[in-house]
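> The structure's right below; bear with me while I get my questions together.
Protein chains: 2
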Amino acid sequence: MESTFTINGRIWLEKDGEKVLGHGRVELLERIHNSGSIRQAALQMKMSYKQAWDIIKHMNTHFSSPVVIPQRGGKGGGSALVTENGLNIISEFHQLQEKLKKFLEVNSVNIAY
Amino acid sequence: MESTFTINGRIWLEKDGEKVLGHGRVELLERIHNSGSIRQAALQMKMSYKQAWDIIKHMNTHFSSPVVIPQRGGKGGGSALVTENGLNIISEFHQLQEKLKKFLEVNSVNIAY
């Protein structure tokens with residue numbers, strides 16, 4: 015009997031062996047960028063504001079310059095800005111994901127296991 | 015400030031969108047092969063016999079032929095054999111992991127984020 019398997023995979027960025035950025039964090043950054051709000055982005059991803067903020071602090075510390083800058087004040091509790099560095103990182107990660115996708119396609123196994 | 019990031023990643027085999035084999039399952043198969051015992055392998059991986067056996071049943075069902083054959087009886091509650099198909103799958107997975115490793119090395123980012 016012939017079986018068809020697909021290889022799937024996931025990548026993430028590490029610094030000194032510690033995970034700094036994966037697809038979940040990229041999604042968070044994108045949602046902050048689109049909504050202009052950490053609170054909104056957290057809500058959309060079903061995480062608490064604190065969880066989102068802890069992740070942002072971790073990224074802001076580990077990248078050479080901050081990826082998100084909170085803008086205090088204003089109605090609704092303040093907005094937030096994804097920096098140019100943050101946008102570059104999002105873009106880089108998507109490029110890596112595209113490369114991984116091609117790698118997985120090329121290496122997918124179509125054999126009788 | 016220059017930051018050095020490494021890309022890390024993980025791959026797994028899927029069938030009809032369902033995960034069938036990843037590095038944990040390969041480790042389980044290898045430990046069964048080396049010890050000749052599902053119970054021993056489960057113990058080494060800090061899982062219950064039932065957990066290990068459920069995983070094996072899942073693999074045996076999803077691959078075209080079984081990967082592990084339990085051999086009932088004998089002292090210590092019966093031994094188990096990793097089939098030729100199982101050994102081929104282990105080998106194939108390691109080859110894929112080697113390819114992934116090279117992919118990650120080639121694409122690792124060494125840039126100022």
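Chains A and B supply the protein sequences, listed in that same order. Under our numbering, the first residue of the first sequence is numbered 15, with each subsequent residue one higher. Under our numbering, the first residue of the second sequence is numbered 15, with each subsequent residue one higher. Glycine included, each C-beta is placed from N, C-alpha and C at the ideal position. Bear in mind that the values here come from a model prediction, so they are computed numbers and not experimental data.
Find out if the Cβ-Cβ distance for the pair Ser93 (chain A), Gly50 (chain A) is shorter than 7 Å.
Taking the first sequence and counting its residues from 1, the one referred to as residue 93 (chain A) is at position 79. Taking the first sequence and counting its residues from 1, the one referred to as residue 50 (chain A) is at position 36. A contact, by the Cβ cut-off of 7 Å.
> By how many angstroms is the C-alpha of Met61 (chain A) removed from the C-alpha of Glu98 (chain A)?
The count along the first sequence starts at 1 and reaches residue 98 (chain A) at position 84. The count along the first sequence starts at 1 and reaches residue 61 (chain A) at position 47. Looking at the two C-alpha atoms, the distance is approximately 25 Å.
> Name the DSSP bridge partner or partners of Leu95 (chain A)?
Position 81 of the first sequence, counting from 1, holds the residue named residue 95 (chain A). Looking at the DSSP assignment, Leu95 (chain A) forms a beta bridge with A:Ile83.
> Given a cut-off of 7 Å on the beta-carbon distance, is the pair Leu27 (chain B) and Phe19 (chain A) in contact?
Against the second sequence, residue 27 (chain B) aligns to sequence position 13. Against the first sequence, residue 19 (chain A) aligns to sequence position 5. Cβ distance < 7 Å, so Leu27 (chain B) and Phe19 (chain A) count as in contact.
> List, in order along the chain, the chain B residues whose C-beta lies closer than 8 Å to that of Asn121 (chain A)?
What you label residue 121 (chain A) is simply residue 107 of the first sequence in a count that begins at 1. Within chain B, the residues near Asn121 (chain A) are Leu110, Lys113.
> Do you know how far the Cα of Arg86 (chain B) is from the Cα of Ile21 (chain A)?
Start at 1 with the first residue of the first sequence, and residue 21 (chain A) comes out as number 7. Start at 1 with the first residue of the second sequence, and residue 86 (chain B) comes out as number 72. Their backbone Cα atoms lie some 34 Å apart in a straight line.
> For the stretch 36–67 of chain B, list every residue whose C-beta sits within 8 Å of some C-beta in chain A, in sequence order.
Against chain A - using a Cβ distance shorter than 8 Å - the stretch 36–67 of chain B contributes no residues.
> Would Gly100 (chain A) be called buried (16 or more neighbouring beta carbons within 10 Å of its own) or exposed?
In the first sequence, counting from the first residue as 1, residue 100 (chain A) sits at position 86. Buried.
> Helix, strand or coil for Gly38 (chain A)? Go by DSSP, reduced to three states.
Residue numbering aside, residue 38 (chain A) sits at position 24 when the first sequence is read from its first letter. Of the three classes helix, strand and coil, the one that applies to Gly38 (chain A) here is helix, per DSSP.
> Contact criterion: CB-CB distance below 7 Å. Does Phe77 (chain B) meet it with respect to chain A?
Translated into the one-based positions of the second sequence, residue 77 (chain B) becomes position 63. Yes, contact with chain A.
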